[in-house]
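Student:
In this note's numbering, the protein residues as written are 3 to 367.
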């Protein structure tokens, strides 16, 4: 007797296997945020409280578009008892942490030469304030255990690790019994940390507070060190401290593009001169191929910015604006603070920034 044939619809369900789709993320970074006396005063409210949300109100949409955004903050938040002051020993109101969070930032790097401006107690309190605001931190630590736990973020299935270091502390000694609280930029330590973190992440970002202030070129030893760190396993190096923009390089290492920007300049400050008020919003796009387990840097782009100080009702105010959009707004009559007379200033900022970083990477917002 012949066997009964089973029609296709009678066959048991077969498991369907599909390859996971590639994942794409955008990381964002900006340079140094300073808090000079005039900036502190600009945020004081009638009741004595502080609010600095106007600093970033015109760029927060761009910041929030990214999947994870980083800022370098060069001011402790040691509390009002220590008095709020600008340069040379900074102490910012706590409200700045909430401003960062509301603007869309996710990570504040705290490894810089002003970390101990209010001593070890100020460093600790800063971490507490930032954590309370819902922000990640990297580069300074409250405990030995915290210093050994790498900052790793799983963003759409892509694991991103951050490391941060500073060249020094303006001569203020790091507590001898707490050497773990501050990441000094020491070549062997950085290489050791890269070696330990690399197997745990798809993308490794190195944040370095280094270089010579107000110089537009990195020192040769910085270039050598950056290339060594990239070859050792870093994917991105984000530089800060010079308070002016320095060049970026995209380098292909073992068939993967990697990037270093030696200085991102100032994002907001009240330093004088166009160069010290020129900054960028830097965006880096990565795609992960889950099938092959490979994550690649596929796009680097920057948007030129300008830290603009102006007067409103006899009171100085500060804001970050994107240069090209502001130029367009002036010409179209949409800008209410800057005028036609300011066009040459903004054009000079645009030309200088583009010359340092390259037209090819410049993006419009």
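Idealized CB from N, CA, C, for every residue including glycine. Only a predicted model underlies this, so the values are computations on that prediction, with no experimental measurement involved.
Could you give the DSSP three-state label for residue 310: helix, strand or coil?
Tutor: Mapped onto the chain shown, residue 310 falls at position 308. Residue state, collapsed to three classes: strand.
Student: Of the residues 277, 286, 262, which one's Cα is nearest the Cα of residue 268?
Tutor: Locating residue 268 in the chain shown gives position 266, counting from the first residue. Ranking 277, 286, 262 by Cα distance to residue 268 puts 277 first.
Student: Can you give me the C-alpha to C-alpha distance between residue 179 and residue 143, rounded to a whole angstrom?
Tutor: As a position in the chain shown, residue 179 is number 177, starting the count at 1. As a position in the chain shown, residue 143 is number 141, starting the count at 1. In a straight line, the C-alpha of residue 179 is about 13 Å away from that of residue 143.
Student: According to the Cβ coordinates, are residue 91 and residue 119 closer than 8 Å?
Tutor: Translated into the one-based positions of the chain shown, residue 91 becomes position 89. Translated into the one-based positions of the chain shown, residue 119 becomes position 117. Yes. Within cutoff.
Student: Output the residue ranges of the beta strand (DSSP E) runs that lie fully inside the region 248-332 and measure 3 residues or longer, sorted by chain position.
Tutor: DSSP runs (the beta strand (DSSP E)) wholly in the region 248-332: 258-266, 268-270, 280-291, 296-314, 317-324.
Student: Roughly how many angstroms lie between the CA atoms of residue 190 and residue 47, to the nearest whole one?
Tutor: Along the chain shown, one-based indexing puts residue 190 at 188. Along the chain shown, one-based indexing puts residue 47 at 45. Their backbone Cα atoms lie some 47 Å apart in a straight line.
Student: Give the DSSP bridge partners of residue 93, in chain order.
Tutor: Counting from 1 along the chain shown, the entry for residue 93 is found at position 91. Answer by DSSP bridge pairing, in chain order: 87.
Student: Determine, using beta-carbon pairs with one atom in the region 337-351 and one in the region 306-314, whether at least three such pairs fall under 8 Å.
Tutor: Counting Cβ pairs under 8 Å, three or more are found: they touch.
Student: In angstroms, rounded to a whole number, what distance separates the CA positions of residue 4 and residue 20?
Tutor: Against the chain shown, residue 4 aligns to sequence position 2. Against the chain shown, residue 20 aligns to sequence position 18. Since pLDDT at residue 4 reaches only 45, below the 50 mark, its modelled position is unreliable, and the value read off the structure follows with that caveat. Taking the straight line from one Cα to the other gives about 37 Å.
Student: Checking 8 Å against the spacing of the C-beta atoms, do residue 61 and residue 322 come in under that value?
Tutor: For the purposes of this step, residue 61 is identified with residue 59 of the chain shown, where counting begins at 1. For the purposes of this step, residue 322 is identified with residue 320 of the chain shown, where counting begins at 1. Going by C-beta atoms, residue 61 is nearer than 8 Å to residue 322.
Student: Indicate the three-state DSSP secondary structure (helix, strand or coil) for residue 135 in the structure shown.
Tutor: As a position in the chain shown, residue 135 is number 133, starting the count at 1. Note: residue 135 maps to coil in three-state DSSP.
Student: Which two residues bound the contiguous beta strand (DSSP E) that contains residue 231?
Tutor: Here residue 231 refers to the residue found at position 229 when the chain shown is read from its first residue. Per DSSP, residue 231 belongs to no beta strand (DSSP E); it is in the alpha helix (DSSP H), 222-234.
Student: Please list, in chain order, all residues of the same chain as residue 1 whose beta carbon is under 6 Å from its beta carbon, the five residues on each side excluded.
Tutor: The structure shown does not extend to residue 1, since the chain is modelled only from 3 to 367, so the question has no answer here.
Student: For residue 297, is the classification buried or exposed, using 16 other Cβ atoms within 10 angstroms of its Cβ as the cut-off for buried?
Tutor: Numbered from its first residue, the chain shown carries residue 297 at position 295. Classification of residue 297: buried, given that the 10 Å Cβ count is 16 or more.
Student: Between 326, 334, 335, which lies nearest to residue 365 when the distance is taken from Cα to Cα?
Tutor: Looking up residue 365 in the chain shown gives position 363. The shortest Cα separation from residue 365 among 326, 334, 335 belongs to 326.
Student: For a quick check, are the C-beta atoms of residue 299 and residue 266 less than 8 Å apart?
Tutor: The residue you call residue 299 lines up with position 297 of the chain shown. The residue you call residue 266 lines up with position 264 of the chain shown. In this structure, residue 266 does not lie closer than 8 Å to residue 299 by Cβ.
Student: Once the 5 residues before and after residue 233 are set aside, which same chain residues still bring their CB inside 7 Å of it?
Tutor: Within the chain shown, residue 233 is the residue found at index 231, counting from 1. Excluding residues within five positions, the ones whose Cβ falls inside 7 Å are 255.
Student: Name the DSSP beta bridge partners of residue 72, please?
Tutor: What you label residue 72 is simply residue 70 of the chain shown in a count that begins at 1. Answer by DSSP bridge pairing, in chain order: 31, 109.
Student: Rounded to whole angstroms, what's the CA-CA distance from residue 316 to residue 41? Just pull it up for me.
Tutor: Here residue 316 corresponds to residue number 314 of the chain shown, with the count starting at 1. Here residue 41 corresponds to residue number 39 of the chain shown, with the count starting at 1. C-alpha separation (whole angstroms): 14 Å.
Student: In whole angstroms, what separates the C-alpha of residue 58 from that of residue 324?
Tutor: As a working mapping, residue 58 is identified with position 56 in the chain shown. As a working mapping, residue 324 is identified with position 322 in the chain shown. Computed Cα separation, rounded: 11 Å.
Student: Using the C-alpha atoms, what's the distance from residue 132 back to residue 154?
Tutor: Counted from its first residue, the chain shown places residue 154 at position 152. Counted from its first residue, the chain shown places residue 132 at position 130. When rounded, the distance between both Cα atoms is 17 Å.
Student: Quick check on residue 1: buried or exposed, where buried means 16 or more other Cβ atoms within 10 Å of its Cβ?
Tutor: Coverage of the chain is limited to positions 3 through 367, which leaves residue 1 absent and any answer about it impossible.
Student: Starting from residue 205, follow the alpha helix (DSSP H) in both directions and report where the run begins and ends.
Tutor: Within the chain shown, numbered from 1, the residue matching residue 205 stands at position 203. Careful: residue 205 lies outside any alpha helix (DSSP H), inside the beta strand (DSSP E) at 205-211.
Student: Classify residue 212 as buried or exposed, calling it buried when 16 or more other Cβ atoms lie within 10 Å of its own Cβ.
Tutor: Within the chain shown, numbered from 1, the residue matching residue 212 stands at position 210. Buried: at least 16 other Cβ atoms inside 10 Å.
Student: Just to confirm before moving on: does the CB-CB distance between residue 318 and residue 282 stay below 8 Å?
Tutor: By 1-based counting over the chain shown, the position of residue 318 is 316. By 1-based counting over the chain shown, the position of residue 282 is 280. Not closer than 8 Å, so no.
Student: Closest to residue 252 by CA distance: which of 228, 270, 186, 274 is it?
Tutor: Here the question's residue 252 lines up with position 250 in the chain shown. Here the closest residue by C-alpha is 228.
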